[in-house]
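Going by the UniProt record's numbering, the letters in the sequence shown line up with residues 1 to 515, in that order. Here the structure comes first, spelled out in structure tokens, and everything after it is commentary.
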Amino acid sequence: MLLTSLTNTRALQLEAGGIGRLLSDVPNYSCKRQDPTPRNTAFFAQGDGLIPCKSPMELDLVGVSGRTPRRETQGDRFIPCRRAMDMNAALYNLTREPKENTSTNVEVVSPQKEQYRKMLAESIFQNSDAVRTSKVLSFQMKPPLSLGMKEPAVEVMSVDPTASRSNLSYRNIPKASDRVLDAPDLVDDYYLNLLDWSCKNVVAVALGTTVYLWNADTGEIYQLMSTALEDDYVTSVAWAPDGNLIALGMNTNEIQLWDTVHRIQMRRLRGHSARVASLSWNRSTLSSGGRDCNIINHDVRIRDHITSQLSGHTQEVCGLKWSLSGQQLASGGNDNLLHIWDLAATSSQTTPYLYRFGAHQAAVKALAWCPFQSNLLASGGGTADRCIRFWNTQTGACLNTIDTYSQVCALQWNQHHKEILSSHGFSQFQLCVWRYPTMEKMAELTGHTARVLHLAQSPDGTTVVSAAADETLHMISERGQKKQKGDIPLAAANGGCDAYDTEILGKSALSHIVF
1 MLLTSLTNTR ALQLEAGGIG RLLSDVPNYS CKRQDPTPRN TAFFAQGDGL
51 IPCKSPMELD LVGVSGRTPR RETQGDRFIP CRRAMDMNAA LYNLTREPKE
101 NTSTNVEVVS PQKEQYRKML AESIFQNSDA VRTSKVLSFQ MKPPLSLGMK
151 EPAVEVMSVD PTASRSNLSY RNIPKASDRV LDAPDLVDDY YLNLLDWSCK
201 NVVAVALGTT VYLWNADTGE IYQLMSTALE DDYVTSVAWA PDGNLIALGM
251 NTNEIQLWDT VHRIQMRRLR GHSARVASLS WNRSTLSSGG RDCNIINHDV
301 RIRDHITSQL SGHTQEVCGL KWSLSGQQLA SGGNDNLLHI WDLAATSSQT
351 TPYLYRFGAH QAAVKALAWC PFQSNLLASG GGTADRCIRF WNTQTGACLN
401 TIDTYSQVCA LQWNQHHKEI LSSHGFSQFQ LCVWRYPTME KMAELTGHTA
451 RVLHLAQSPD GTTVVSAAAD ETLHMISERG QKKQKGDIPL AAANGGCDAY
501 DTEILGKSAL SHIVF
């Protein structure tokens with residue numbers, strides 16, 4: 001009896017439109033049976049899992065124009081609805097690697113790689129919610145969207161990844177240098193640091209025994225000093241925070257402080273037993289690294305200038321950089337080691353390093369602190385290593401590694417974009433622009449015919465100068481680049497004018513130099 005009733009119901013539903021038209025001319029016609037005995041007709045055989053439906057004799061047959069649109073059919077408890085499923089998102093969720101690997105034989109995916117995969121998934125599926133909330137099997141259709149709206153989460157709340165990618169692709173990245181300057185007698189030594197750019201827009205370069213200054217505003221070039229001592233030459237240069245004082249490391253184991261305004265020598269600092277290959281300023285403190293494997297902190301305001309000595313390297317200290325905050329010092333050596341020193345601990349004569357990183361397989365000279373993310377340090381290795389590594393100096397974790405397939409000589413962060421510039425040695429002697437954190441190579445600049453040993457950046461971050469063993473300086477400018485609100489000035493990153501503490505040092509560092 002029940003089976004017959006169900007069959008009749010389906011037949012009436014299929015042919016309701018036709019019967020309605022046939023009976024539309026019959027006045028007061030109705031198929032509803034008047035049953036004096038009230039009963040519950042909301043379900044057929046309650047508890048049997050059947051869907052709600054009216055009984056067959058309760059169907060009112062009306063014309064087509066008055067019919068209610070048929071509802072979308074939903075899946076049963078064990079039969080998924082294919083129309084409600086996103087097969088691509090489901091396949092991605094099934095095949096992607098888990099965030100945490102319980103097996104000790106599987107390498108844990110780094111946070112940077114996981115973030116990159118997340119961004120890639122959002123770009124492919126256009127909607128991050130589709131990946132995050134998508135189920136492999138769906139048993140119910142999603143509710144319909146409001147009229148005139150399509151994917152409001154994408155339209156209103158998210159950024160179109162295609163548009164963002166397009167803007168980055170068509171950014172004006174120069175392909176060649178704007179200006180080339182001769183640099184005769186530039187020493188071809190990987191471990192030296194012979195180029196720096198002051199916060200007052202003056203470039204200093206050491207060419208053998210002589211130091212030259214080039215004013216980028218006026219184009220004026222003049223000689224600052226020259227040594228006449230036998231076997232003596234300049235091994236490192238570093239501008240002081242005020243932009244008037246410059247420190248010169250010498251092959252004769254000493255450091256000279258020069259007033260660039262009056263072009264006179266202010267002071268000599270001694271303490272090393274071998275040449276001084278690296279220098280870095282932190283307000284009134286000048287840190288120097290030498291071939292004697294030691295790092296010495298000098299306070300130029302006092303007569304007994306040596307405040308602390310840092311020992312940890314076993315070969316020449318060729319890389320030295322203070323962080324933007326001035327709280328941490330990074331040092332790289334020819335012993336393939338990278339050390340992080342804490343300022344709070346450098347007040348004592350014997351200071352232990354905070355972290356020691358031995359991942360590089362060659363000398364660590366290229367060092368650069370990130371201007372837009374604190375405690376992020378980039379380091380580059382020599383010929384046997386060829387890698388750029390990124391470190392979290394707060395936790396000591398290596399965040400990412402990229403093999404450049406060439407000796408890494410110098411690194412510079414872009415203060416307007418999340419990019420980093422690297423200069424290289426054999427075999428192409430190129431400059432590479434990398435997008436961070438994906439480390440996608442955006443551009444490759446060629447022009448030098450020998451390894452590009454040094455890099456420096458202008459205070460406004462729009463121009464980079466490179467010095468190579470081919471005895472040339474190349475100026476590379478990014479036209480149309482303007483300083484954006486919230487950018488950290490490069491001067492602050494290098495301890496320049498914007499980071500200069502006038503309350504501590506006074507109007508000029510020159511007035512506090514002790515002779």
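From the three backbone atoms N, C-alpha and C, an ideal C-beta is built for every residue, glycine too.
Could you tell me the distance, in whole angstroms, from the CA atom of D335 to the CA atom of G380?
14 angstroms
Have a look at Y190 and N297 and give me their C-alpha separation to the nearest angstrom.
23 angstroms
What is the rounded straight-line gap between the Cα of V300 and the Cα of Q327?
18 angstroms
Cβ contact (3+ pairs, closer than 8 angstroms) linking the region 419 to 438 and the region 459 to 476:
yes
Residues bridged to H417 (per DSSP)
Beta-bridge pairing links H417 to no other residue.
Opening and closing residue of the alpha helix (DSSP H) in which A89 lies:
M87 to T95
Can you pull the DSSP bridge partners for L473?
L181 and A467
For a cutoff of 8 angstroms on Cβ pairs, would you count S273 as touching chain D?
Judged by its chain identifiers, the structure shown contains no chain D, having just a single protein chain.
Could you pull the start and end residues of the beta strand (DSSP E) that S226 belongs to?
I221 to S226
Give me the Cα-Cα distance between Q115 and P371, rounded to the nearest whole angstrom.
21 angstroms
Please report the distance separating the alpha-carbon of residue 578 from that of A368.
An answer regarding residue 578 cannot be provided, because it is not within the stretch 1 to 515 covered by the chain.
Sequence ranges, beta strand (DSSP E) only - wholly within the region 362 to 415, length at least 3:
364 to 369, 376 to 381, 387 to 392, 397 to 403 and 408 to 413
Should R303 go down as buried or exposed, given a rule of 16 or more other Cβ atoms within 10 Å for buried?
exposed
With distance defined between alpha-carbon atoms, name the residue in D231, T210 and N201 nearest to E220.
N201
Taking DSSP as the reference, what is the three-state secondary structure of A274?
coil
Verify whether the separation of the beta carbon atoms of V408 and L431 is less than 8 angstroms.
no
Cutting at 8 angstroms between CB atoms, please list the residues of its own chain near C318, excluding the five before and the five after it.
Y190, Y191, L192, N193, A277, S278, G289, G332, G333, N334, A363, V364 and K365
Would you decide whether T351 is buried or exposed? Buried here means 16 or more other CB atoms lie within 10 Å of its CB.
buried
M439, DSSP secondary structure in three states:
coil
Bounding residues of the beta strand (DSSP E) (the contiguous stretch that carries N294):
N294 to D299
Checking 8 angstroms against the spacing of the C-beta atoms, do T210 and S226 come in under that value?
yes
Which residue's Cα is closest to the Cα of I388: S325, Q412, Q373 and V237?
Q412
Name, in chain order, the residues that DSSP records as bridge partners for M250.
V234
Rounded to a whole number of angstroms, what is the C-alpha to C-alpha distance between R386 and T449?
19 angstroms
Taking the alpha-carbon of R435 as reference, which of N88, Q415 and P459 has the nearest alpha-carbon?
Q415
With DSSP as the reference, label E478 as helix, strand or coil.
coil
What residue range is occupied by the uninterrupted beta strand (DSSP E) comprising T210?
T210 to N215
Can you give me the C-alpha to C-alpha distance between H272 and I255, rounded to a whole angstrom?
9 angstroms
How is E444 classed by DSSP in three states: helix, strand or coil?
strand
Does DSSP classify A204 as helix, strand or coil?
strand
Can the beta-carbon of D196 be found closer than 8 angstroms to that of A238?
yes
According to the neighbour-count rule (16 or more other Cβ atoms, all chains shown, within 10 Å of its Cβ), is I264 buried or exposed?
exposed
Could you check which residue in T218, A228, Y233 and A216 has the C-alpha nearest to that of K185?
Reading off the sequence shown, one finds Asp at residue 185, where the question assumed Lys. Checked all of T218, A228, Y233 and A216; the closest Cα to D185 is Y233.
For L286, does the three-state DSSP call read helix, strand or coil?
strand
Excluding the 5 residues flanking D182 on each side, which residues of the same chain have their C-beta closer than 7 angstroms to its C-beta?
E471 and T472
Leaving out five residues before and five after S177 in sequence, what residues of the same chain have Cβ atoms less than 7 angstroms from its Cβ?
G447, H474, M475 and I476
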